[in-house]
Amino acid sequence: MAASIAPECNDIKEKYDTCFLKWYSEKYLRGKTSSNECEDLFSKYKTCLNRALKEKGIEGMVEEARRNNRESDTDFLRKE
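Counting with the working numbering, you get residues 47 to 126 for the letters of the sequence shown.
Rendered as structure tokens:
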């Protein structure tokens with residue numbers, strides 16, 4: 047699996063990736079989508095990543111990119 051863009055988050059990312067791949071292949075693909083037991087790991091990884099982005103001064107650029115692409119996101123996610 048790929049490393050995180052924040053090396054300090056590699057351990058939690060690896061745990062999340064492993065959990066997600068197992069959940070996806072063993073449950074989601076079999077129609078058991080009522081829960082995702084990996085949510086807690088994802089939340090921890092997201093927190094670690096957001097902290098790292100803030101410490102590196104990248105957080106503002108990420109927010110700006112999100113703001114600038116809301117319209118295309120809306121178009122992409124629109125139901126047809």
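Every residue, glycine too, gets a C-beta built ideally from N, C-alpha and C. A quick note: this is a predicted structure, and the numbers were derived from the prediction, not measured.
- By the Cβ neighbour-count rule, Y74 is exposed, with fewer than 16 other Cβ atoms within 10 Å of its own.
- In this model, Y70 and K78 are separated by some 9 angstroms (Cα to Cα).
- In the same chain as Y62, and ignoring 5 residues on each side of it, the C-beta atoms closer than 8 angstroms to its own belong to C84, L87, F88, K90, Y91, in chain order.
- For T64, the enclosing alpha helix (DSSP H) starts and ends at 56 to 72.
- Going by DSSP, E110 is part of the alpha helix (DSSP H) stretching over 105 to 114.
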